[in-house]
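Written below as structure tokens is the structure these notes are about.
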């Protein structure tokens with residue numbers, strides 16, 4: 001009978017060595033690919049977050065000063081909370097605090113039906129009002145910011161009780177809605193890193209990717225624009241230019 005020959009010891013060792021080299025190369029390739037994937041994923045997530053902030057800020061700034069007739073800066077405004085009349089639709093600061101403040105009427109507003117008394121308004125039914133938040137009443141000439149005592153909902157109408165009496169006379173071309181004051185600003189978070197925050201009713205951290213804000217107001221053909229530069233990691237920046245609708 002013919003004798004069957006197997007692999008020699010040297011051939012086995014060479015095969016094991018080659019297999020080890022191949023496996024090591026595959027592991028290194030996997031680790032490098034995983035690292036590159038995680039880096040790409042991190043960059044993409046950061047890009048999505050920055051674009052999300054861009055969308056939020058742009059939408060907020062664009063609505064600054066909104067009332068149904070004219071922009072807030074074009075009206076004679078009085079704030080009954082402190083009797084100030086220098087209310088700005090869009091206020092910004094670069095130093096020492098970096099902030100953007102937006103004031104406007106909420107889009108869910110109601111038409112004035114009747115002024116029943118200096119402190120009582122009858123308006124179209126609106127369910128979004130909150131008696132703990134300020135109210136803005138505005139026509140095409142004046143605007144007043146009021147605190148509320150109460151809100152009485154009826155079938156097709158809403159009766160609003162003001163804390164202080166109206167100063168101006170309003171006809172049925174006036175509208176009422178919640179007075180919204182938004183504020184975007186940079187401060188240190190719990191990790192002692194500069195981060196972007198948003199305040200309306202309560203304060204929330206938006207993202208730690210934005211470390212600074214720089215703003216510049218611009219005017220072109222009686223239209224107001226705001227240029228915002230977001231300071232990001234590694235000295236990168238992201239620029240936003242928004243036209244203010246209520247200007």
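Numbering (full-length UniProt numbering), first residue to last: 1 to 247.
Even glycine gets a Cβ: it sits at the ideal position worked out from N, Cα and C.
Task: Residue range of the unbroken beta strand (DSSP E) whose run includes residue 241 - done: Note, residue 241: beta strand (DSSP E), 237-243.
TODO: Whole angstroms is fine: what's the gap from residue 75's alpha carbon to residue 88's?
DONE: Going by the C-alpha atoms only, they are around 10 Å apart.
Open item on the list: As an exercise, report each continuous beta strand (DSSP E) stretch of at least 3 residues that is fully enclosed by the region 59-122, in chain order.
Closed with: Every unbroken stretch of the beta strand (DSSP E) spanning 3 or more residues and falling wholly within the region 59-122 is given here in chain order: 76-79, 90-93, 99-105 and 110-117.
TODO: Can you have a look at residue 103 and say buried or exposed, based on whether 16 or more other CB atoms are within 10 angstroms of its CB?
DONE: Residue 103 sits buried, since 16 or more C-beta atoms from the chains shown fall within 10 Å of its C-beta.
Task: Residue range of the beta strand (DSSP E) that includes residue 171 - done: First-last for residue 171: undefined, no H or E at that position.
Task: Three or more C-beta pairs below 8 Å linking the region 182-196 and the region 131-146 - done: Not touching, per the Cβ criterion.
Open item on the list: Let me confirm a value: residue 3 is counted as buried when at least 16 other C-beta atoms fall within 10 Å, else exposed. Which label applies?
Closed with: The predicted position of residue 3 is uncertain, since its pLDDT is 49 and thus under 50; no value can be drawn from it.
Open item on the list: Quick check: the Cα distance between residue 151 and residue 232, rounded to an integer number of angstroms?
Closed with: Cα-Cα distance, rounded: 45 Å.
TODO: Only counting runs of 3 or more residues, tell me where the beta strand (DSSP E) segments fall wholly within the region 129-212, in order along the chain.
DONE: Segments of the beta strand (DSSP E) lying fully in the region 129-212: 135-138, 142-146, 148-153, 157-162, 175-188, 194-200 and 202-207.
Task: DSSP three-state assignment for residue 1, whether helix, strand or coil - done: Caution applies to residue 1, whose pLDDT of 47 falls short of 50 and renders its modelled position unreliable; the model cannot decide the point.
TODO: Can you say whether residue 66 is buried or exposed, counting buried as having 16 or more other CB atoms within 10 angstroms of its CB?
DONE: Buried.
TODO: Along the beta strand (DSSP E) that carries residue 224, what are the first and last residues, could you check?
DONE: Unbroken beta strand (DSSP E) run through residue 224: 223-231.
TODO: With DSSP as the reference, label residue 249 as helix, strand or coil.
DONE: The question about residue 249 has no answer here: the residues shown for the chain are numbered 1 through 247.
Task: Distance, residue 70 Cα to residue 175 Cα - done: A direct Cα-Cα distance of roughly 11 Å separates residue 175 from residue 70.
- [ ] Using beta-carbon positions only, say whether residue 226 and residue 210 come within less than 7 Å of one another.
- [x] A distance of 7 Å or more separates the beta carbons of residue 226 and residue 210.
- [ ] Could you tell me whether the region 211-226 touches the region 88-99, where touching means 3 or more Cβ pairs closer than 8 Å?
- [x] Yes, the region 211-226 touches the region 88-99.
TODO: On a CA-only basis, which of 160, 212 and 240 is nearest residue 234? Give me that one, please.
DONE: Nearest C-alpha to residue 234 among 160, 212 and 240: 212.
TODO: Using the Cα positions of residue 178 and residue 120, report the straight-line distance between them to the nearest angstrom.
DONE: Roughly 16 Å separates the two Cα atoms.
TODO: Let me know the secondary structure DSSP gives residue 10 once reduced to three states.
DONE: Secondary structure at residue 10: helix, using DSSP grouped into helix, strand and coil.
Task: Cα-Cα separation, residue 122 to residue 208 - done: Per the coordinates, the alpha-carbon of residue 122 lies some 45 Å from the alpha-carbon of residue 208.
- [ ] List the residues that DSSP assigns as beta-bridge partners of residue 216.
- [x] The partner list for residue 216 (beta bridge, DSSP) reads 227.
Task: Residue nearest to residue 164 in terms of C-alpha spacing, selected from 30, 199 and 135 - done: In terms of Cα proximity to residue 164, the closest of 30, 199 and 135 is 135.
Open item on the list: Comparing C-alpha positions only, which one of 139, 180, 187 and 19 sits nearest to residue 171?
Closed with: Nearest C-alpha to residue 171: 139.
Task: Beta carbon proximity, residue 62 to chain B, threshold 7 Å - done: As a matter of chain content, chain B is missing from the structure shown, which is built from one protein chain.
TODO: Taking all protein chains shown into account, decide if residue 19 is buried (16 or more other Cβ within 10 angstroms of its Cβ) or exposed.
DONE: Counting the other Cβ atoms within 10 Å of the Cβ of residue 19 gives fewer than 16, which makes it exposed.
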